[in-house]
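Down below is the structure, laid out as structure tokens.
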Amino acid sequence: MGEHPHTLKSLDDALDVHEDVKAAAKDATRDDPATVVVGGAGLSGIQSAGEVAEFRDRHNAPIDVVLVEALPEIFPPGDSEIQGALRHRLEERDIEILTDDPITAATADHIEFDEREDLAYDVFLWTGGVTGPSELADVDLDAEHNRLQASSNLQTGDERVFAVGDCSLVDQGDDEVAPPTAQAAWQAADVAAENVARAIDDRPLRTWTYDDQGTLVSIGETAIAHDVEVNGVAAPVRTFNSTPAKLLKKGAAARWIAKITSWSRAMKAWDAL
Ligand SMILES: Cc1cc2nc3c(=O)[nH]c(=O)nc-3n(C[C@H](O)[C@H](O)[C@H](O)COP(=O)(O)OP(=O)(O)OC[C@H]3O[C@@H](n4cnc5c(N)ncnc54)[C@H](O)[C@@H]3O)c2cc1C
Numbered sequence: 023m024g025e026h027p028h029t030l031k032s033l034d035d036a037l038d039v040h041e042d043v044k045a046a047a048k049d050a051t052r053d054d055p056a057t058v059v060v061g062g063a064g065l066s067g068i069q070s071a072g073e074v075a076e077f078r079d080r081h082n083a084p085i086d087v088v089l090v091e092a093l094p095e096i097f098p099p100g101d102s103e104i105q106g107a108l109r110h111r112l113e114e115r116d117i118e119i120l121t122d123d124p125i126t127a128a129t130a131d132h133i134e135f136d137e138r139e140d141l142a143y144d145v146f147l148w149t150g151g152v153t154g155p156s157e158l159a160d161v162d163l164d165a166e167h168n169r170l171q172a173s174s175n176l177q178t179g180d181e182r183v184f185a186v187g188d189c190s191l192v193d194q195g196d197d198e199v200a201p202p203t204a205q206a207a208w209q210a211a212d213v214a215a216e217n218v219a220r221a222i223d224d225r226p227l228r229t230w231t232y233d234d235q236g237t238l239v240s241i242g243e244t245a246i247a248h249d250v251e252v253n254g255v256a257a258p259v260r261t262f263n264s265t266p267a268k269l270l271k272k273g274a275a276a277r278w279i280a281k282i283t284s285w286s287r288a289m290k291a292w293d294a295l
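Position one of the sequence shown corresponds to residue 23 (this note's numbering), numbered consecutively onward.
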């Protein structure tokens with residue numbers, strides 16, 4: 023995709039996107055709005071498009087938000103129920119969705135598609151695909167896009183090296199790998215830590231299978247919950263939004279902050295989550 027799009031991995035990336043969206047809106051008018059294009063409609067792309075729409079509505083800014091996905095439907099790993107719910111919410115927030123046509127190139131001011139006409143943009147955010155850190159590019163282990171292949175015990179081709187999270191492709195059988203999500207990274211990390219200790223003691227390693235505890239997706243100030251388990255119990259409704267979904271999403275973020283700091287820090291951050 024070249025050097026033109028923003029990518030989104032760190033806080034600095036997010037602040038850069040924010041600054042560019044703000045500057046583009048400042049130069050735009052109602053007759054000539056700024057166009058913000060988000061490429062890739064996975065978790066990151068959907069939530070980013072939602073945040074830009076939230077910014078637009080909060081500041082009454084002249085911005086068109088366009089979400090582009092190569093495959094026929096947004097959130098490709100999801101089932102049709104959550105895909106439909108997400109599409110409904112995104113369209114309700116006046117986000118234009120373009121599917122079924124991949125972005126093939128990006129210049130400094132427009133993107134090109136396989137079939138569609140070129141689309142001019144003011145800000146382009148690329149979220150179409152997870153890449154591992156550049157430090158892994160020259161490592162002599164099986165990898166794809168800087169993500170290390172690991173077996174279900176989290177061990178890579180070198181038995182001294184374990185991999186979890188976004189920098190890994192952890193075998194889940196049937197040619198599947200674990201998803202690049204916080205939920206998967208967290209689960210795998212516990213098993214990897216134990217397996218490092220087991221390897222040192224020359225004990226058999228545990229295997230790990232991803233346990234999907236549901237999906238929580240925010241679209242600005244709203245959220246959608248799907249197939250969610252709370253403390254191991256499935257929620258009575260499969261897909262829901264509004265306040266319960268928003269509280270669950272905020273609760274998951276607060277729980278993470280509490281785990282790495284304290285509940286008082288988590289509660290102080292509540293309004294900003
Ligand atoms: C916009 C966005 C929205 C998302 N939404 C969700 C969601 O709703 N739910 C969900 O489950 N997942 C979500 N994800 C995915 C989730 O954030 C990742 O899957 C998860 O953070 C992966 O954890 P990790 O520990 O592998 O990597 P990271 O969280 O990226 O942590 C890697 C750490 O390593 C550090 N590091 C990098 N290089 C070096 C180096 N050379 N030396 C030392 N340290 C280094 C980095 O600074 C970073 O702190 C989202 C991701 C994005 C970008």
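We put the beta carbon where it would ideally sit given N, CA and C, even for glycine.
From a predicted model like this one, the values you see are computed outputs, not experimental measurements.
Proximity to residue i [Cα-Cα], best of the options
{"i": "Pro84", "options": "Gly100, Ser66 and Ala47", "result": "Ala47"}
{"i": "Ala267", "options": "Ala56, Lys281, Gly254 and Val250", "result": "Val250"}
{"i": "Pro98", "options": "Ala63, Ser286, Ala215 and Thr129", "result": "Ala63"}
{"i": "Asp212", "options": "Val186, Glu103, Gly254 and Glu181", "result": "Val186"}
{"i": "Arg138", "options": "Asp162, Asp101 and Glu91", "result": "Glu91"}
{"i": "Leu227", "options": "Asp234, Thr237 and Glu216", "result": "Glu216"}
{"i": "Ala7", "options": "Gly254, Pro201 and Trp230", "result": "With the chain running from 23 to 295 in the structure shown, residue 7 is simply not present."}
{"i": "Pro155", "options": "His26, Ser32 and Ser284", "result": "Ser32"}
Close-in-space but distant-in-sequence residues of the same chain around residue i (CB under 7 Å, 5 per side omitted)
{"i": "Asp116", "result": "Ala75"}
{"i": "Glu73", "result": "Gly242"}
{"i": "Glu95", "result": "Gln105 and Thr121"}
{"i": "Ser190", "result": "Arg169, Leu170 and Ala172"}
Residues that residue i bridges to, as DSSP identifies them
{"i": "Phe184", "result": "Gln177"}
{"i": "Arg225", "result": "Paired residue(s): none; Arg225 is not in a bridge."}
{"i": "Leu147", "result": "His28 and Val60"}
{"i": "Ile85", "result": "Ala56"}
{"i": "Val90", "result": "Gly61 and Leu120"}
{"i": "Asp49", "result": "Partner(s): none; Asp49 has no beta bridge."}
{"i": "Ser240", "result": "Ala245"}
{"i": "Gln171", "result": "Leu191"}
Nearest-angstrom Cβ-Cβ length linking residue i and residue j, presumed shorter than 8 Å
{"i": "Asn263", "j": "Ala275", "result": "Contact flag wrong, Cβ pair sits at about 17 Å."}
{"i": "Val218", "j": "Phe184", "result": "6 Å"}
{"i": "Glu103", "j": "Arg260", "result": "7 Å"}
{"i": "Val88", "j": "Thr57", "result": "6 Å"}
{"i": "Ser147", "j": "Val239", "result": "Per the sequence shown, the amino acid found at residue 147 is Leu instead of Ser. That belief does not hold up - the Cβ atoms of Leu147 and Val239 are roughly 17 Å apart, past 8 Å."}
{"i": "His248", "j": "Thr237", "result": "5 Å"}
Chain-order list of residues whose beta-carbon lies under 8 Å from that of residue i (same chain, five-residue window excluded)
{"i": "Ala36", "result": "Leu30"}
{"i": "Ser66", "result": "Leu30 and Thr149"}
{"i": "Thr126", "result": "Glu134, Phe135 and Asp136"}
Cut-off 6 Å between Cβ atoms - residues of its own chain near residue i, not counting five sequence neighbours on either side
{"i": "Arg78", "result": "Ile85"}
{"i": "His167", "result": "Thr153"}
Runs of alpha helix (DSSP H) lying entirely within the segment 99-146, each at least 4 residues, in chain order = 102-114
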